[in-house]
Structures are given as structure tokens and as C-alpha cells.
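Residue numbers (our numbering), protein chains in the order written: chain A, 1 to 114; chain B, 1 to 110. Just so you know, even glycine gets a beta-carbon here, dropped at the ideal spot from N, CA and C. One structure below.
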């Protein structure tokens, strides 16, 4: 299994809603990442988990809350989002944080905040 | 100065030609370098990685790295219409973070 699976693929939520994005990989990777990508822009790093511990938070607003329940799963909990948070949210994984490993990306969740 | 810089394009090449994509980076301590292909509305797909100075070939793709000049390039030989996409250069630098350039849009014309 060489895939990173993200659900849902599309999500529309109101500004008062609470929702969660899910990411799963079964490649034995020990580093997992959340990126945000706006149209015609490169992916921007949000969070890094290494061995199930949060190691990098790129000053992301608290309305985004990551969680890593185990080595295969990564969640992103969303609450009180703003319309400008509408974007493609990408999960990625790599063998670990160090070294020379590229990231494998999931297909993303396209989020629209209304 | 941006950490990773690419010409946004679009770069137009005829079918069968060589497409040359370039990237410069600012962190001299960067260790590993990647090229991702991203089709419109899709997620990035890793197509090449390179860690040492010189060339690395994989099929129609060749990555070139020159650490002294802080320069990475991607050559695509025998370009096909299916190669039309945005190509993202990514650099793993200090803190082991992967930073992306803004991407170069490639159009391969029939």
C-alpha cells in the first residue's frame, strides 16, 4: 500500500460548524504533515507530526487543531473557520522527518467555508 | 528573497521537444531536492528527487543539482501533452521542513 488516503474529498461548512478532516497511511511512515494550498499557490506547511508527536506548528490559528491518534492516522479538527480558510487541504507522509525522503501526498480535501 | 524561486511561466514547448524547468534556493544548508508534478485540481505527485551534485536520470526526466550555485533543474525529454501541468520544486532545508517554490506551469503543444 503506497497511498495516503484523505476523507472527505469535498467539504462545505458554515462558519459556526465543527468538522474534521481525516488522513490515513499504511506505509509505516513515521512523519505526517498537513499543508494548505490556495488556488495557483504552492502548498504551505501547517503542522508536522513526528512519531505521533507534534513537532512543528507554523503559527496556524487555533481554529485548526491537529491530532495524531496513532502512527497511521492524522486528523485536522476545524472550528469557527472563516471564508478565507477555503482551500485544498493536503495530508502527506514520509518515512521520517530527517534524511532524504520525499513526501507522499494524499488527494486532498477541498474545503469551502460559507 | 524567497526561499525557493521558480519562474511561474507558462513555459510552452512543442510536443517532442525538451522542456527545461529551473529552480533556485536560498538555504545553503539544504540537503535534498524534489520535483513534484501537479495537475489542475489534483495533489502534488513526486516525480524526481536528488541529493548530490550532478545529474540523475529516470526515464524521460533528468534532475540536475548544483549546490555551489544553489540551483536545481528538471529536464523533460520528448515532451508529451500529458506532461502539461504545474511543476513544483521543493527543498528540504533547515529544520527538515520541505518548502515549495511557486511552481512553473508547463504547456506542451501539439
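Going straight from the alpha carbon of residue i to that of residue j, what length do you get?
{"i": "residue 7 of chain A", "j": "residue 102 of chain A", "result": "22 Å"}
{"i": "residue 96 of chain B", "j": "residue 77 of chain B", "result": "31 Å"}
{"i": "residue 82 of chain A", "j": "residue 114 of chain A", "result": "8 Å"}
{"i": "residue 10 of chain A", "j": "residue 21 of chain A", "result": "10 Å"}
{"i": "residue 56 of chain B", "j": "residue 10 of chain B", "result": "25 Å"}
{"i": "residue 67 of chain B", "j": "residue 54 of chain B", "result": "9 Å"}
{"i": "residue 28 of chain A", "j": "residue 108 of chain A", "result": "20 Å"}
{"i": "residue 73 of chain B", "j": "residue 16 of chain A", "result": "45 Å"}
{"i": "residue 62 of chain A", "j": "residue 14 of chain B", "result": "48 Å"}
{"i": "residue 48 of chain A", "j": "residue 56 of chain A", "result": "5 Å"}
{"i": "residue 85 of chain A", "j": "residue 45 of chain A", "result": "14 Å"}
{"i": "residue 52 of chain A", "j": "residue 99 of chain B", "result": "21 Å"}
{"i": "residue 23 of chain B", "j": "residue 91 of chain B", "result": "10 Å"}
{"i": "residue 63 of chain B", "j": "residue 31 of chain B", "result": "15 Å"}
{"i": "residue 94 of chain A", "j": "residue 71 of chain A", "result": "12 Å"}
{"i": "residue 39 of chain A", "j": "residue 54 of chain A", "result": "27 Å"}
{"i": "residue 80 of chain A", "j": "residue 19 of chain A", "result": "10 Å"}
{"i": "residue 112 of chain A", "j": "residue 59 of chain A", "result": "22 Å"}
{"i": "residue 106 of chain B", "j": "residue 69 of chain A", "result": "40 Å"}
{"i": "residue 58 of chain B", "j": "residue 104 of chain A", "result": "18 Å"}
Between the options, which lies nearest to residue i when the distance is taken from Cα to Cα?
{"i": "residue 43 of chain A", "options": "B/109, B/110 and B/87", "result": "B/87"}
{"i": "residue 115 of chain A", "options": "A/83, A/67 and A/12", "result": "The displayed coordinates of chain A run from 1 to 114. Any statement about residue 115 of chain A would go beyond what the structure contains."}
{"i": "residue 65 of chain A", "options": "A/75, A/33 and A/71", "result": "A/75"}
{"i": "residue 20 of chain B", "options": "B/43, B/26 and B/8", "result": "B/8"}
{"i": "residue 73 of chain A", "options": "A/112, A/100, A/50 and A/19", "result": "A/50"}
{"i": "residue 100 of chain A", "options": "B/93, B/105, B/110 and B/106", "result": "B/93"}
Is the distance from the Cβ of residue i to the Cβ of residue j below 8 Å?
{"i": "residue 84 of chain B", "j": "residue 108 of chain B", "result": "yes"}
{"i": "residue 17 of chain B", "j": "residue 82 of chain B", "result": "no"}
{"i": "residue 75 of chain B", "j": "residue 33 of chain B", "result": "no"}
{"i": "residue 6 of chain B", "j": "residue 102 of chain B", "result": "yes"}
{"i": "residue 13 of chain A", "j": "residue 78 of chain A", "result": "yes"}
{"i": "residue 110 of chain A", "j": "residue 31 of chain A", "result": "no"}
{"i": "residue 25 of chain A", "j": "residue 4 of chain A", "result": "yes"}
{"i": "residue 36 of chain B", "j": "residue 4 of chain B", "result": "no"}
{"i": "residue 106 of chain A", "j": "residue 40 of chain B", "result": "no"}
{"i": "residue 47 of chain B", "j": "residue 61 of chain B", "result": "yes"}
3 or more residues per run - each beta strand (DSSP E) lying fully within the stretch 6-51 of chain A: Fully enclosed beta strand (DSSP E) runs of 3 or longer: 10-13, 18-25, 31-37 and 44-50.
For the stretch 57-87 of chain B, which segments carrying the beta strand (DSSP E) assignment without a break, of at least 3 residues, lie completely within its bounds, in sequence order? Fully enclosed beta strand (DSSP E) runs of 3 or longer: 61-66 and 71-76.
Every unbroken beta strand (DSSP E) within the stretch 12-65 of chain B, with a cutoff of 3 residues, ordered by chain: Counting only unbroken stretches of 3 or more residues, the beta strand (DSSP E) elements lying wholly within the stretch 12-65 of chain B are 19-25, 32-38, 45-50 and 54-58, in sequence order.
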